[in-house]
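Encoded as structure tokens, the structure appears first; notes follow it.
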Amino acid sequence: MAKKKGANEKKGAKVFKTKCSQCHTVEEGGAHKQGPNLYGFFGRQSGQAEGYSYSSANKKSGITWGDDTLFEYLENPKKYIKGTKMVFAGIKKPAERKDLIAYLKKSCTP
51 MAKKKGANEK KGAKVFKTKC SQCHTVEEGG AHKQGPNLYG FFGRQSGQAE GYSYSSANKK
111 SGITWGDDTL FEYLENPKKY IKGTKMVFAG IKKPAERKDL IAYLKKSCTP
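Residue numbers (the numbering used here): 51 to 160.
The structure is reproduced here in structure tokens:
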């Protein structure tokens with residue numbers, strides 16, 4: 051039986067490295083890759099990173115990124131934003147999503 055505990059940023063960093071870093075960067079001023087640089091996206095509306103070409107579905111979604119929206123989005127991006135061009139199956143394990151969100155909050159927040 052696993053102990054209940056909060057999100058783990060170090061585990062989240064590993065999740066990011068293995069599942070996200072091929073398409074995203076997190077540092078301020080980082081380059082856009084296949085996906086946008088994620089620095090400063092917490093609390094921002096979806097589809098707003100300057101210089102990145104988003105799908106119209108993403109731009110028109112009206113989603114503001116926070117813990118709850120990310121938690122749902124990361125489980126199945128194509129279901130959460132129908133028409134997104136993010137080609138990622140999602141992260142099914144809730145603990146992995148929580149760890150990743152903790153890492154992103156620390157790494158992407160100005």
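For each residue, glycine too, the CB sits at the ideal point set by N, CA and C.
{"query": "Taking the alpha-carbon positions, what's the residue 68 to residue 160 distance?", "result": "24 Å"}
{"query": "With DSSP as the reference, please indicate the residues paired to residue 134 in a beta bridge.", "result": "The partner list for residue 134 (beta bridge, DSSP) is empty, contrary to what the question assumes."}
{"query": "Could you have a look at residue 75 and say whether DSSP puts it in helix, strand or coil?", "result": "coil"}
{"query": "If residue 146 and residue 65 are in contact, beta carbons under 8 Å, what's the gap, nearest whole angstrom?", "result": "5 Å"}
{"query": "So the alpha helix (DSSP H) residue 119 belongs to, where does it begin and stop?", "result": "117-125"}
{"query": "DSSP three-state label for residue 159, please.", "result": "coil"}
{"query": "Return the chain-ordered list of same chain residues with a C-beta closer than 7 Å to the C-beta of residue 155, the five sequence neighbours on each side being excluded.", "result": "92"}
{"query": "Using the Cβ count rule (16 or more neighbours within 10 Å means buried), how would you classify residue 144?", "result": "exposed"}
{"query": "Could you tell me which residues DSSP puts in a beta bridge with residue 95?", "result": "114"}
{"query": "Less than 6 Å between C-beta atoms, sequence neighbours within five positions excluded: which residues of the same chain meet that for residue 148?", "result": "57"}
{"query": "Let me know if residue 133 comes out buried or exposed under the rule of 16 or more other beta-carbons within 10 Å of its beta-carbon.", "result": "exposed"}
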